[in-house]
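First up is the structure itself, then whatever we jot down about it.
Number of protein chains: 2
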Amino acid sequence: MKRVIEQSFSVPYTYPVIFSENIFDAAEESLAKLLDNGKGGKAYFVVDSGVADTHPELIDQIKTYAAAHASKFKLCAEPLIVPGGEASKNDPQFYEKVVEATHLYGIDRHSYIVAIGGGAVLDMVGFAAAVSHRGIRLVRIPTTVLSQNDSAVGVKNGINSFGKKNYLGTFAPPYAVLNDFNFLLTLDDRDWRSGISEAIKVALIKDLDFFEWIEANASALAAREMAPMQELIVRCAQMHLDHIAGRDPFEMGSSRPLDFGHWAAHKMEHLSKYQIRHGEAVAMGIALDSTYSFLKGMITESELDRIISVIASLGFQLYHEVLSGEMLFKGLEEFREHLGGQLTIMLLTKLGVGQEVHEMDQTLILAAVEKLKAFQADRLIAN
Amino acid sequence: MKRVIEQSFSVPYTYPVIFSENIFDAAEESLAKLLDNGKGGKAYFVVDSGVADTHPELIDQIKTYAAAHASKFKLCAEPLIVPGGEASKNDPQFYEKVVEATHLYGIDRHSYIVAIGGGAVLDMVGFAAAVSHRGIRLVRIPTTVLSQNDSAVGVKNGINSFGKKNYLGTFAPPYAVLNDFNFLLTLDDRDWRSGISEAIKVALIKDLDFFEWIEANASALAAREMAPMQELIVRCAQMHLDHIAGRDPFEMGSSRPLDFGHWAAHKMEHLSKYQIRHGEAVAMGIALDSTYSFLKGMITESELDRIISVIASLGFQLYHEVLSGEMLFKGLEEFREHLGGQLTIMLLTKLGVGQEVHEMDQTLILAAVEKLKAFQADRLIAN
């Protein structure tokens, strides 16, 4: 007897991405409504230590907010504070703590985990939520430019393992994303700036208008004006959401166009022991792959100059010593391996137009690195 | 500024469920074709120790098969043997070993992990595959009746944690399922029988015809005839596949109709320290919830007799001492918690027709347990 049954189905996902302010004011109902499952939702908060330090009033605000909306949801335990940044993804104990909390406090699949913090903390908490009971509802409250316009609106989570970024993780859409722009006010300059690189990235590969808007607003953004930053975040988040919905949300193919500039970025972060922040690494990664695109004859020198110029005028470094040396090339293979299948790298053929290639020339990469070093030296002299 | 973007998309899944024999004969191409990703797929095999013990030739067969199909795929390491049964899910070291192997052997998202064994081993390997690189292709080769007709065709994986079954896991459809009926020939009687309980279950809640077919074939099945067993497996697998595709594949609601008889079964397995096998526990769980349905006035005594009769004539026990005592009730709360939301238990209103309820009466449960004890005593006297 031989027989084949072809199984086939689709799983629909929907989630709101809310842009707001003062979300813990008692009068602001967005969060309480999200956490109301009709029977008094149980909610467990996990907070990034960086956010808790900058906002010492936050834990009390959460409790006061919960008390004011007690008919909609209840806190099932004290909020848990975990280290901000890659530390939360590098040491598995924080992931394990969140998983253990779901057991200790009986947090079930119709309860909520609310993660407040930067992208790294949201990734770690998201992974714990995704595998406990095969998926507890996750409300992400991203607090950085990077997480508000990029990572937190997406469908991934993860922790680092074996020295590799995001080695363990799943694709798991959040229950909701709630952005509070006020968190941006207290970011240090590096974190304010960092997230802008993902907007430059998505603009460069998809949307010339958006790139030109960033060029025009670069000095206002560098001067920490809120109005253009809010516009940048919403526009960038929308492009990411459209991209995810448009094709292959769970990346079953080999292509990952939104990873323009990311192969080198991931490796640089690791080589610098995460002293370089993700957005900073992405800015250099974009500069590197744009320079490579120019050296390959795919974009013109004046196009390259505009890219380098906008990155530099936002205050990003263009070069870091970890870019030199053979170790960088390992990043290419690791990038291929993580995605699986064929090496697929996004380059540029115009401002606003990306093109995927399947090999990179090591000599040209080295030449691009040298060129970045020179750009950086020129900038230092110019300033 | 306040704004809401509603994200919405669907993720499509397809996978073949193949029923076959002699899958490691060089002439049988099914497996080699599955593992051919066009560039010589990398495959890593994980084998249930129970299967490796009963089939000492298997590891060599795998190697010979790989050599014969070297143009399609290659083994990236020696097959890994892991303990069969719940041991593989109770001790996290086996899950960690599989995850580590993906790192050591560079197994990427376009490579394959092939898991050969019973449902527990497939669950454990499936979880490791699902979280490494956010999902490596998993080919399941189930070797028991239970896994061929039920668990392996589905979309779940998991390991046990905090003393709770499947506490950690994901929803992750396999890349393919390849059943080889020959593995059934070497099952011990308990494992041969165990899987039949899932067929009784799905028949009782959905399909009177199928239930009557099982009644008619009970003695042939008990006598280990292969033809009716193959028919039972394909029919039961098809019903499970249809159910999954039909509604809520990833169980975002509170309802889980296929878990008829399972709330007590999960608890019994745990209370017996996994001395009772899953299928045996399910048989008793079905007997319990059918008896409860009768005591509740939902089915007639003659309907209950037919159910008890078919279960007993297949050689299942109807009662075990772990059913007595207060601990059983904890199973109800744990079942609710694992699924989340409201307690939802499937009962029967007719043979072939299930109905969900949202509460269970503890006094009636105790009365049902007593009745099962009496049924069991009657059977022992009758034999």
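Residue numbers (full-length UniProt numbering), protein chains in the order written: chain D, 1 to 383; chain G, 1 to 383.
The C-beta atom is built at its ideal place from N, Cα and C for all residues, glycine as well.
All values reported here derive from a predicted model rather than from experimental measurement.
Notebook entry, point to check: Quick check: the segment 172-192 of chain G against the segment 15-31 of chain G, are there 3 or more CB pairs under 8 angstroms?
Noted result: yes
Check: Got a sec: which bits of the segment 341-369 of chain G sit with their beta carbon under 9 angstroms from any beta carbon on chain D, in order along the chain?
Finding: Gly-341 and Gln-342
Notebook entry, point to check: Going by Cα to Cα distance, which pick from Arg-3(G), Ala-26(G), Asp-60(G) and Ala-115(G) is closest to Val-47(G)?
Noted result: Ala-115(G)
Checklist line | Three-state secondary structure assigned by DSSP to Thr-144(D) | finding: Coil, per DSSP.
Next item on the list: Run the CB neighbour count on Asp-305(G), radius 10 Å, all protein chains shown included, and call it buried at 16 or more, exposed below.
Entry: exposed
Check: Taking contact to mean at least 3 C-beta pairs separated by less than 8 angstroms, is the segment 284-295 of chain D in contact with the segment 336-349 of chain D?
Finding: yes
Checklist line | Minimum Cβ-Cβ distance from Thr-14(G) to chain D less than 7 angstroms | finding: yes
Margin query: Going by DSSP in three states, Val-155(G) sits in which element: helix, strand or coil?
Written below: In the structure shown, Val-155(G) sits in coil (DSSP, three-state: anything other than H, G, I, E or B).
Item checked: Where the alpha helix (DSSP H) through Ala-377(D) begins and ends -> Per DSSP, Ala-377(D) belongs to the alpha helix (DSSP H) from 362-382.
Notebook entry, point to check: Residues of chain D with a CB under 7 angstroms from the CB of Pro-249(G): which are they?
Noted result: By Cβ distance, chain D contributes Phe-9 and Val-11.
Next item on the list: Label Ala-67(D) either buried or exposed according to how many other C-beta atoms from any shown protein chain fall within 10 Å of its C-beta, with 16 as the threshold for buried.
Entry: Per the 10 Å Cβ criterion, exposed.
Note to self: Let's see if you can read the secondary structure: which residues bound the beta strand (DSSP E) around Ile-81(D)?
What the structure shows: If you look at Ile-81(D), you'll find it in the beta strand (DSSP E) that goes 80-82.
Next item on the list: Give the residues of chain G in contact with Lys-2(D), contact being defined as C-beta atoms less than 7 angstroms apart.
Entry: Phe-19 and Ser-20
Checklist line | beta-carbon Ser-30(D) near the ligand MN non-hydrogen atom, thresh 6 angstroms | finding: Questions concerning the ligand MN fall outside what the structure shown contains, since it holds no ligand whatsoever.
Notebook entry, point to check: Do three or more CB pairs link the segment 87-94 of chain G to the segment 117-137 of chain G at distances below 8 angstroms?
Noted result: yes
Next item on the list: Please decide whether Leu-168(G) counts as near chain D, where near means a Cβ-Cβ distance under 7 angstroms.
Entry: yes
Notebook entry, point to check: Using a Cβ cut-off of 9 angstroms, which residues of the segment 121-150 of chain G contact any Cβ in chain D, in chain order?
Noted result: Phe-127, Ala-130, Val-131, Ser-132, His-133, Arg-134, Gly-135, Ile-136 and Arg-137
Check: beta strand (DSSP E) containing residue 459(D): first to last residue?
Finding: Since the displayed chain D opens at 1 and closes at 383, residue 459(D) lies outside it and no answer follows.
Notebook entry, point to check: Between the segment 265-282 of chain G and the segment 331-345 of chain G, do three or more beta carbon pairs fall short of 8 angstroms?
Noted result: yes
Check: Any idea what DSSP makes of Gly-285(G), helix, strand or coil?
Finding: helix
Check: Is the beta carbon of Val-153(D) less than 7 angstroms from the beta carbon of Leu-34(D)?
Finding: no
Notebook entry, point to check: Are the beta-carbon atoms belonging to Asn-157(G) and Cys-236(G) less than 7 angstroms from one another?
Noted result: no
Notebook entry, point to check: Leu-314(D) and Ala-218(D) look like a contact to me (Cβ under 8 angstroms); what is the Cβ gap, rounded to whole Å?
Noted result: Sure, about 6 angstroms apart at Cβ, within 8 angstroms.
Check: Does the segment 91-100 of chain D come close enough to the segment 224-234 of chain D to have 3 or more Cβ pairs within less than 8 angstroms?
Finding: no
Item checked: Pairwise C-alpha distance: Glu-321(D) and Ser-272(D) -> 9 angstroms
Notebook entry, point to check: Considering only C-alpha positions, which residue in the set Pro-56(D), Val-234(D) and Ile-5(D) is nearest to Lys-2(G)?
Noted result: Val-234(D)
Check: Would you report the Cα separation of Ile-214(G) and Leu-146(G), rounded to the nearest angstrom?
Finding: 15 angstroms
Notebook entry, point to check: Can Phe-127(D) and Gly-169(D) be called in contact, C-beta distance under 7 angstroms?
Noted result: Contact: yes.
Item checked: Selection from Ala-245(G), Ile-107(G) and Gly-279(G) that minimises the alpha carbon distance to Gln-317(G) -> Put simply, of Ala-245(G), Ile-107(G) and Gly-279(G) the residue whose alpha carbon is nearest the alpha carbon of Gln-317(G) is Gly-279(G).
Checklist line | Residue of Gly-41(G), Gln-355(G) and Pro-173(G) minimising C-alpha distance to residue 460(D) | finding: Because residue 460(D) is not part of the residues shown, which for chain D are 1 to 383, the question remains open.
Notebook entry, point to check: Which whole-angstrom value is the C-beta distance of Ala-129(D) and Ile-113(D), which I expect to be below 8 angstroms?
Noted result: 5 angstroms
Check: Is DSSP giving Thr-54(G) helix, strand or coil here?
Finding: Three-state result, Thr-54(G): helix.
Notebook entry, point to check: In chain G, which residues lie less than 8 angstroms from Ser-111(D) when you measure between Cβ atoms?
Noted result: Gly-340
Item checked: Reduced DSSP secondary structure (H/G/I, E/B, other) of Met-346(G) -> strand
Checklist line | Host alpha helix (DSSP H) of Asn-90(D) (start-end) | finding: Where Asn-90(D) is concerned, the enclosing alpha helix (DSSP H) stretches over 87-90.
Next item on the list: Determine the DSSP secondary structure at Arg-224(G), reduced to helix, strand or coil.
Entry: Reduced to three states, the DSSP call for Arg-224(G) is coil.
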